[in-house]
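The structure under discussion appears below in the form of structure tokens.
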Amino acid sequence: MRTVIVELADGIADLVHDGDLVALEGFTHLIPFAAGHEIIRQGRRDLALARMTPDVIYDQLIGMGCASRLIFSWGGNPGVGSLHRFRDAVQNGWPVPLELEEHSHAGMANRYVAGASGLPFAVLRGYAGTDLTEHVKPISCPFTGELLTAVPALRPDVAVVHAQRADRRGNVQLWGITGIQKEAVLAASRSLVTVEEIVDELEPVAGQVVLPGWAVTAVAEAPGGAHPSYAMGYSDRDNDAYVGWDEISRDRGRFTDWMREHVLEAA
Amino acid sequence: MTTGYTDDEMMTVAAARRLRDGAVCFVGIGLPSTAANLARRTHAPGLVLVYESGCLGAKPDRLPLSIGDGELAATADAVVSVPEVFNYWLQPGRIDVGFLGAAQIDRYANINTTVIGSYDHPRVRLPGAGGAPEIAACCREVVVVLRHSARAFVERVDFVTSVGYGDGPGHRERLGLPGAGPRLVVTDLGIMEPDPDTCELTLTQLHPGLTVADVRAATGWDLAVADPVGRTEPPGPDELDVLRALNATIARRGAT
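Those sequence lines, one after another, are chains H and V. Residue numbers are given in my numbering: position 130 of the first sequence equals residue 530, and the series is strictly consecutive. Residue numbers are given in my numbering: position 56 of the second sequence equals residue 80, and the series is strictly consecutive.
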């Protein structure tokens, strides 16, 4: 399999379909906002969205009616508070009802690890005694008998992540807080990586993760595509935008106007 | 010199004082992060801060707004992936203190950060678990910091996101949870600790100017009180100066 360098709009059109299980991953750094906005512009519906930390881009996808299901472990505006569109969907079914599948971070991380490893489940010491056990099962260690928790593999139809760089053969390089992106890409059937820039040669960087081109379906150049999150070495986190989102997203009308102006008509 | 201080400042200072120099501390964002960074700049310069974004030994100059601020990665001893931080660092018991916030907490220090009301028809949908369930399970001990009110301190949490002492004595052991559980709950009114026999949260320390009746009125169950109950020293000028300087640095636009 060879990676294809694509335009972002073509990549979304080819790889993300109505009804898909889609993971747009990123752990507060390198959040694929540009790709999420393209999904909104293309009007995808009935998506099952997976993400450890659904934040503002998921609030936007949910508020625009793209998702019918959310698989997650923490849904908030990092450092600011709650997600009002997410809340409105859960509490009032607006604009469409949102079914939840909820885990802990350790559980979600291990679900991706199982998916990336080609295993049906992963094992961890967690969940015991909590009310979060609906989607997990107890399992005893075959060697010691210790009671542990099994979490099912998470295998998205498509993973979408943002990275700093790719080369022309589609090898992808990211660094800084690298989160769960490698596991999400390897767990998924298809993957789309947006990057700050496409270069001739990837210069090594301390702490880097490299995803070989043959493990990635498509790469699209999207400079600034993580804004208002950041890409270490390229941009700073726009904390004011996260703080500002709290007000914008409280009101359905104001949210809808903002999305029209900044996303739907901004392509 | 400063003399006056707010309830939140008292809470943050009281929590920071209980963090031992050299301890390895898994820090949630918000009040826990502020208190841990205050401790690191006062009596505990060797406090090791671990953030769930994978930043081990972060030494931020400014208070991060989120657990993923570039400042944390840039100042960390190591930045590891998210599965690694949970599987290699938290799960085996390498962390001394888990430092958590809460929306609701109950008599047995069980924590709710998921929903207020029923799960299927919540009155308030909260962000959810994040790393807290395994932090509460696996750290050697847990410190919880939250504002005190009868809405937050309830007889039984609406949803057990993270286990404190479950239904009482012996429950953690039956569940196989490796850590000792919440040893300290710090609020803007005082400090509670679990009774060694009953595991019930017990008021052990009152912040200045407050009475036992004040705390009981803000607690949704018949709160046990230690005899004698201790008194918190008010925040010292050094503590307040450092805390205010820290709060003035909360990262905004372009702060990396």
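Heads up, the beta-carbon is just placed ideally off N, CA and C, and yes, glycines get one too. Nothing here was measured: the structure is a model prediction, and the numbers come from that model.
- Shown here, His562 of chain H sits in a strand according to DSSP, grouped into three states.
- Contacts between Asp531 of chain H and chain V, judged by CB atoms closer than 8 Å, involve Thr138, Tyr143, Phe183, Val184 and Thr185 in chain order.
- By the neighbour-count criterion, in which 16 or more other beta carbons inside 10 Å mark a residue as buried, His505 of chain H falls on the buried side.
- In the structure shown, Tyr512 of chain H falls within a helical segment according to DSSP collapsed to helix, strand and coil.
- Taking 8 Å as the cut-off between beta carbons, the residues of the stretch 58-79 of chain V near chain H are Glu76, Ser77, Gly78 and Cys79, in sequence order.
- Within the DSSP secondary-structure output, Lys537 of chain H pairs in a beta bridge with H:Ala550.
- Boundaries of the alpha helix (DSSP H) harbouring Leu199 of chain V: His195 to Leu199, taken from the DSSP string.
- Interface criterion met: the Cβ of Lys582 of chain H is under 9 Å from a Cβ in chain V.
- Boundaries of the beta strand (DSSP E) around Thr228 of chain V: Leu225 to Leu230.
- Here Arg196 of chain V is near Val187 of chain V, since their CB atoms are less than 9 Å apart.
- Membership of Glu158 of chain V in the alpha helix (DSSP H) is indicated by the continuous run Ala156 to Cys162.
- Membership of Pro206 of chain V in the beta strand (DSSP E) is indicated by the continuous run Pro206 to Val210.
- With 16 or more other Cβ atoms from the protein chains shown falling within 10 Å of its own Cβ, Val168 of chain V counts as buried.
- Positions of the alpha helix (DSSP H) runs, each at least 4 residues long and wholly inside the stretch 83-129 of chain V, are given as 94-99 in order along the chain.
- Within the stretch 101-130 of chain V, the residues whose Cβ lies closer than 8 Å to some Cβ of chain H are Val103, Ser105, Val106, Pro107, Phe110, Asn111, Leu114 and Gln115, listed in chain order.
- Close partners of Asp93 of chain V in chain H (Cβ separation under 7 Å): Arg637.
- When secondary structure is reduced to three states using DSSP, Gly254 of chain V falls in the strand class.
- Across the structure, Gly443 of chain H and Ile462 of chain H are spaced so that their CA atoms are roughly 12 Å apart.
- Chain V places no beta carbon closer than 9 Å to that of Arg485 of chain H, leaving this residue out of the contacts.
- Of all residues in the stretch 469-485 of chain H, only Phe472, Ser473, Trp474, Gly475, Gly476, Pro478, Gly479, Val480, Ser482 and Leu483 come within less than 8 Å of chain V when Cβ atoms are compared, listed by chain position.
- Boundaries of the alpha helix (DSSP H) harbouring Pro261 of chain V: Pro261 to Asn271, taken from the DSSP string.
- In terms of Cβ geometry, Leu213 of chain V and Leu234 of chain V form a close pair [threshold 9 Å].
- For a cut-off of 8 Å, the C-beta gap from Ile598 of chain H to Ile405 of chain H is around 7 Å, short enough to register as a contact.
- In this model, Leu664 of chain H and Ala626 of chain H are separated by some 17 Å (Cα to Cα).
- Using a Cβ-Cβ distance cut-off of 8 Å, the stretch 91-106 of chain V and the stretch 58-69 of chain V are not in contact, since fewer than three pairs of beta carbons, one from each stretch, lie closer than that value.
- Here Gly214 of chain V carries a strand assignment [DSSP, helix/strand/coil].
- Taking 9 Å as the cut-off between beta carbons, the residues of the stretch 143-158 of chain V near chain H are Tyr143, His145, Pro146, Arg147, Val148, Arg149, Leu150, Pro151, Gly152, Ala153, Gly154, Gly155, Ala156, Pro157 and Glu158, in sequence order.
- Closer than 9 Å to the CB of Leu170 of chain V there is not a single CB belonging to chain H.
- Only residues of its own chain outside the window of five on either side were considered, and among them Gln573, Val595, Glu596, Glu597, Val599 and Leu602 have a CB closer than 7 Å to the CB of Arg565 of chain H, listed in chain order.
- Counting of Cβ neighbours within 10 angstroms places Tyr75 of chain V among the buried residues, the total reaching 16 or more.
- Residue range Asn639 to Arg650 is occupied by the alpha helix (DSSP H) that includes Gly644 of chain H.
- The straight-line gap separating the alpha-carbon atoms of Glu179 of chain V and Arg255 of chain V is approximately 25 Å.
- In this chain, the alpha helix (DSSP H) harbouring Arg64 of chain V covers Leu55 to Arg65.
- Gly28 of chain V and Gly515 of chain H have their alpha carbons spaced roughly 55 Å apart.
- By the criterion of a C-beta distance shorter than 8 Å, Leu80 of chain V is surrounded in its chain by Val72, Val74, Ala100, Asp101, Ala102, Val103, Val104, Val109 and Trp113, once the five residues flanking it on both sides are discounted.
- At a C-beta separation below 7 Å, Ala509 of chain H has these neighbours in chain V: Val106, Pro107 and Phe110.
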